[in-house]
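Asks: Below you'll find the structure I mean.
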Amino acid sequence: MQSRFPLLVLLGLSFAPAPTHASSEPFVGELMLTGHNFCPQGWAEAAGQILSIAQNQALFALLGTTFGGNGQTTFALPDLRGRVAMGVGQGPGLSNRTLGEQGGSETVTLAPSQMPAHTHTAGASTGPGNTSNPTNALPATKARTLLYRSGGSATTAMAPEAIQPAGGGQPHPNMPPYLTMTWCIALQGIFPQHP
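Going from the sequence shown to this note's numbering is simple: count from 1 and add 13.
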């Protein structure tokens, strides 16, 4: 007697519903992230291009001039090159973000007022001095000369560079780990219905 199992498996697979996947018809204006260096037909790279309203009326009806353009004959696509997309609105404990808002910086130069409060310890020696050259040396005592005052408060500030550098004044990277891919936006497809 022959087994019916292979036939049943074959019948079961042939009647399975078709899976939904990324190649289904997109919504106009839908964004897609892809691992290759081009956007498929019907899509454009989200690179801030200026488009004609007359040739892209459905997309203009959704985007308007949120991302640029003159609103009469042209509008712009979002420019996601070198940027991270962020959700609209205000998450718990976060700032409110509006559609089309841009912000952030690749590098940051901190001002002293942005640094945490801290102290710099000034070192000295209680032994007698042995050089008149301050290079690579510490303040020290000198015979019959009192250089320090105990107690009380300072009446003047030393030059900041006499203690140690306050900072280099150079920007530093301000970016989390990242993986670069291509953002694409659907130029054609199903016009989304507003809820």
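Positions of the beta carbon are idealized from the N, C-alpha and C atoms, including for glycine.
1. Which partner residues does Glu-58 have in the DSSP bridge list?
2. With DSSP as the reference, label Ala-74 as helix, strand or coil.
3. Alpha carbon to alpha carbon, what distance is there between Pro-147 and Ser-108?
4. Does the beta carbon of Ser-108 come closer than 9 Å to any beta carbon on chain D?
5. Within the stretch 63–140, note down every full alpha helix (DSSP H) run reaching 4 residues or more, in order along the chain.
6. Is it buried or exposed for Ile-63, if we count other Cβ within 10 angstroms and need 16 for buried?
7. What is the rounded straight-line gap between the Cα of Met-194 and the Cα of Asn-50?
8. I need the straight-line Cα distance from Ser-118 to Asn-187, nearest angstrom please.
9. Express the C-alpha separation of Arg-94 and Leu-192 in angstroms, rounding to a whole number.
Replies: The short version:
1. Beta-bridge pairing by DSSP links Glu-58 to Cys-197.
2. helix
3. 51 Å
4. Judged by its chain identifiers, the structure shown contains no chain D, having just a single protein chain.
5. Taking 4 residues as the minimum length, the alpha helix (DSSP H) runs contained wholly in the stretch 63–140 are 70–76, in order along the chain.
6. exposed
7. Spanning the two alpha carbons is a distance of roughly 7 Å.
8. Near 7 Å, if we compare the C-alpha coordinates of Asn-187 and Ser-118.
9. The straight-line gap from Cα to Cα measures roughly 12 Å.
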